[in-house]
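Residue numbers (our numbering): 350 to 489.
Each residue gets a CB set at the ideal place from its N, CA and C atoms; glycine is no exception.
Structure first, commentary second.
Here's what the structure looks like:
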């Protein structure tokens, strides 16, 4: 068995660079050690590479917002969601292609999102929404 059995795609400018990740790689999240599984698509990471292999990944602080959906715009394959947090601030982002929208133990399609739904979202470093979890569904 190879001593390296994982890879990670890192954006370098506009190019994705695939790097091998050591099974012993150290992952740091919010200043604390974390498992490799803590690295999520859309995370901003700083990596240390030795001999062509990633030996350390530090995940930058994630942007998570909890609030109420104000608006959902759907045009062809693009879904843009605006959320108002408890402080009244609005946050707008486009759903990433692979975003799974969860509600309870099920999933929703983008067209099932509506103004008034309570959600928690995770924005990636690129401003896209990678996770959207419904916490309460608005019923009119």
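Considering only C-alpha positions, which residue in the set 475, 396, 450, 473 is nearest to residue 463? Locating residue 463 in the chain shown gives position 114, counting from the first residue. The shortest Cα separation from residue 463 among 475, 396, 450, 473 belongs to 450.
Return yes when the Cβ of residue 471 is within less than 8 Å of the Cβ of residue 413, no when it is not. For this step, residue 413 is matched to residue 64 along the chain shown. For this step, residue 471 is matched to residue 122 along the chain shown. It is a contact, given that the beta carbons lie within the stated cut-off.
Excluding sequence positions up to five away, which residues of its chain have a Cβ less than 6 Å from the Cβ of residue 352? Working through the chain shown from its first residue, we reach residue 352 at position 3. Low per-residue confidence applies at residue 352: pLDDT is 43, beneath 50, and the placement is therefore not dependable enough to give any value.
Return the chain-ordered list of same chain residues with a C-beta closer than 8 Å to the C-beta of residue 459, the five sequence neighbours on each side being excluded. Your numbering for residue 459 matches position 110 in the chain shown. Contacts found: 421, 423, 428, 444, 450.
Do you know offhand how far residue 373's Cα is from residue 383's? As a working mapping, residue 373 is identified with position 24 in the chain shown. As a working mapping, residue 383 is identified with position 34 in the chain shown. Cα to Cα, residue 373 sits roughly 12 Å from residue 383.
Range covered by the beta strand (DSSP E) that runs through residue 439: The residue given as residue 439 occupies position 90 in the chain shown. Counting along the chain, the beta strand (DSSP E) containing residue 439 begins and ends at 439–452.
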